[in-house]
Amino acid sequence: MRYDKELTEYVMIRQKILQQLLEWIECNLEHPISIEDIAQKSGYSRRNIQLLFRNFMHVPLGEYIRKRRLCRAAILVRLSAKSMLDIALSLHFDSQQSFSREFKKLFGCSPREYRHRDYWDLANIFPSFLIRQQQKTECRLVNFPETPIFGNSFKYDIEVSNKLPDEEVKLRRHHLVRCMKNFKTDIYFVSTFEPSTKSVDLLTVETFAGTVCKQTDSEMPKEWTINRGLYVSFRYEGEWEHYPEWARNLYLMELPARGLARVNGSDIERFYYNENFVEIDSNNIVCEIFIPVRPV
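Going by the UniProt record's numbering, the residue at position 246 of the sequence shown is 246; the numbering climbs one at a time, nothing skipped.
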């Protein structure tokens with residue numbers, strides 16, 4: 001029993017060290033990172049930290065950092081207007097040519113081809129080990145019909161980064177509460193994403209928020225039509241603060257695991273009406289998200 005307790009404590013201490021290192025690596029992907037830096041931060045020797053990482057994570061530390069940088073690069077290639085040279089240099093590749101070679105090894109095409117495809121195949125995306133513990137989410141494929149939505153749109157710019165800004169989370173909640181107060185029924189968010197015209201580092205998100213029930217309210221006169229097509233649907237029940245990150249991780253974890261590529265189109269979110277969410281500022285929501293896809 002004593003041996004088991006000591007072994008458990010040993011494992012927990014090392015898992016905590018690795019958790020801190022993973023968080024540090026994520027925050028420093030766009031800065032120079034060396035094994036010596038990581039060894040110094042952990043308090044281990046260079047050799048021992050590499051052994052510890054490989055034993056617990058089953059991948060060499062240097063390979064993990066390289067693939068995380070390539071994953072970050074793939075997101076920037078796909079969602080931003082940054083040049084390939086700027087992406088390569090920001091993630092500390094020796095040159096645009098070496099970046100393109102490494103990119104093609106992992107993703108099977110050049111960065112330029114990856115950017116201009118009419119679909120986003122995330123099959124070789126290498127997510128952080130920090131999110132791989134997220135519980136697997138059940139899904140279903142849905143042939144979504146052409147559907148008119150009545151409401152209003154809002155638009156904002158965000159950085160194409162690894163962190164969801166608090167301002168975005170608050171803004172989307174504000175519009176959701178406003179719509180639920182007005183309509184007192186389920187609310188749909190239909191969102192499109194494109195590189196911002198203001199800065200190569202920004203992504204423009206435009207969301208149409210409304211309901212399938214036509215209203216006579218003069219403040220909500222606009223109409224948006226959801227395109228028919230094949231979507232994959234995931235259901236979320238939980239706290240609002242955790243929902244945006246959960247939804248983003250569907251792209252990194254669930255789509256590649258199920259052999260699905262995202263195609264051009266809008267993400268659709270259906271938020272089920274919750275009076276407590278509106279009236280007493282409850283955090284709990286029930287939502288379905290629909291992502292336009294095709295089998296790879």
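No residue lacks a Cβ here, since even glycine has one placed at the ideal position from N, Cα and C. Predicted model, so just to flag it, every value in this text is computed and none were measured.
Expected contact under 8 Å - CB spacing of residue i and residue j to nearest Å
i: residue 205; j: residue 268; result: Rounded, the Cβ-Cβ distance is 14 Å, inconsistent with contact.
i: residue 29; j: residue 68; result: 6 Å
i: residue 147; j: residue 185; result: Incorrect: roughly 14 Å between the Cβ atoms, too far for contact.
i: residue 80; j: residue 200; result: 6 Å
i: residue 22; j: residue 129; result: 6 Å
i: residue 50; j: residue 35; result: 7 Å
i: residue 99; j: residue 107; result: Wrong, their Cβ atoms sit about 12 Å apart, outside the cutoff.
i: residue 187; j: residue 271; result: 5 Å
i: residue 169; j: residue 241; result: 7 Å
Which residues DSSP lists as bridging residue i, in chain order
i: residue 287; result: 236 and 271
i: residue 185; result: BP columns for residue 185 are empty, so no partner.
i: residue 296; result: For residue 296, which the question treats as bridged, DSSP gives no partner whatsoever.
i: residue 142; result: 231
i: residue 190; result: 208 and 268
i: residue 202; result: 159
i: residue 69; result: BP columns for residue 69 are empty, so no partner.
i: residue 150; result: 211 and 223
i: residue 11; result: Answer is none; residue 11 lacks a bridge partner.
i: residue 260; result: 295
i: residue 120; result: 262
i: residue 60; result: Residue 60 is not bridged to any residue.
i: residue 195; result: 203
Sequence-distant residues of the same chain with beta carbon closer than 7 Å to residue i, five excluded per side
i: residue 166; result: none
i: residue 17; result: 42
i: residue 295; result: 259 and 260
i: residue 198; result: 157
i: residue 121; result: 261 and 296
i: residue 175; result: 154 and 209
i: residue 74; result: 107, 114 and 125
i: residue 229; result: 144, 265 and 292
i: residue 76; result: 82, 87 and 160
i: residue 24; result: 41
Same chain, Cβ closer than 8 Å to residue i, five either side skipped, listed in chain order
i: residue 239; result: 283, 284 and 285
i: residue 95; result: 88
i: residue 213; result: 150, 183 and 185
i: residue 274; result: 180, 282, 284, 285 and 286
i: residue 172; result: 189, 207 and 244
i: residue 202; result: 80, 157, 158, 159, 160, 195 and 196
i: residue 45; result: 39
i: residue 84; result: 77, 96, 99, 100, 111 and 112
Close Cβ partners of residue i (< 6 Å) along its chain, the five nearest in sequence each way excluded
i: residue 119; result: 261 and 263
i: residue 90; result: 30
i: residue 223; result: 148 and 150
i: residue 131; result: 249
i: residue 71; result: 125 and 126
i: residue 13; result: none
i: residue 61; result: 50 and 53
i: residue 59; result: none
i: residue 247; result: 289
i: residue 19; result: none
i: residue 9; result: none
i: residue 341; result: For residue 341 there is no data in the structure shown, the boundaries of the chain being 1 and 296.
Heavy atom of the ligand FAD within 8 Å of residue i beta-carbon
i: residue 26; result: Ligands in the displayed structure: none, and consequently the ligand FAD is not present.
Item checked: Meets three-Cβ-pair contact criterion under 8 Å: the region 190-205 and the region 249-259 -> no
Check: What are the start and end residues of each continuous alpha helix (DSSP H) run of 4 or more residues lying completely inside the region 15-54, in chain order?
Finding: 35-42
Notebook entry, point to check: Three or more beta-carbon pairs under 8 Å between the region 283-293 and the region 229-236, yes or no?
Noted result: yes
Check: Does the pairing of the region 136-149 with the region 172-183 give three or more beta-carbon distances under 8 Å?
Finding: no
Next item on the list: Evaluate contact between the region 54-61 and the region 105-116, counting only Cβ atoms and requiring at least three cross-stretch pairs below 8 Å.
Entry: no
Checklist line | Inside the region 66-108 only - alpha helix (DSSP H) runs reaching at least 4 residues | finding: 84-90 and 96-107
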